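Numbering (my numbering), first residue to last: 253 to 364. Even for Gly, the Cβ is constructed at its ideal location relative to N, Cα and C. Everything numeric in this text was worked out from a predicted model, so none of it was measured. Take a look at the structure below.
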Amino acid sequence: MSSPGPLAAAARNYVYSLSGELNDTGVYVGTLTVAHIVTGSEAAQRARTGDTKGIGGELPVGGELPTVHPDELAQHYWDMYTKRDRVEQAHPAELTPPDNTTTWSPTTNTND
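This is how it looks when you write it as structure tokens:
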């Protein structure tokens, strides 16, 4: 069985490709990676009761998982949508990769 890494990489590549294809159409494509438990979610409820099946295994020492309120995530989504200045963002922000990627398009990149 494989780790979720290849699937996440494939999804990230797809989002970047789709963003490049739709860039001139007015359609925004972006992804927000969340590295916390969302407050009020089923995963948060299960973590509170100690049922960690399906949410990453054992709780860390001390039994606390980092959480984020859905309103904070909504603000990230809104900011990404209105500014349209990035394809991806992570929460917490320090996990966001640096923007050193270029968008490839068959009309702007050629193999001469």
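The segment 260-339 contains, as complete alpha helix (DSSP H) runs of 4+ residues, the segments 294-301 and 322-335 (chain order).
The beta-carbon distance between V339 and S271, rounded to whole angstroms, is 5 Å. This is short enough to meet the 8 Å contact definition. T285 sits away from L325, with the two beta carbons spaced by 8 Å or more.
In this structure, the beta-carbon distance from A287 to A345 does not fall below 8 Å. The beta carbons of Y333 and Y280 sit closer together than 8 Å.
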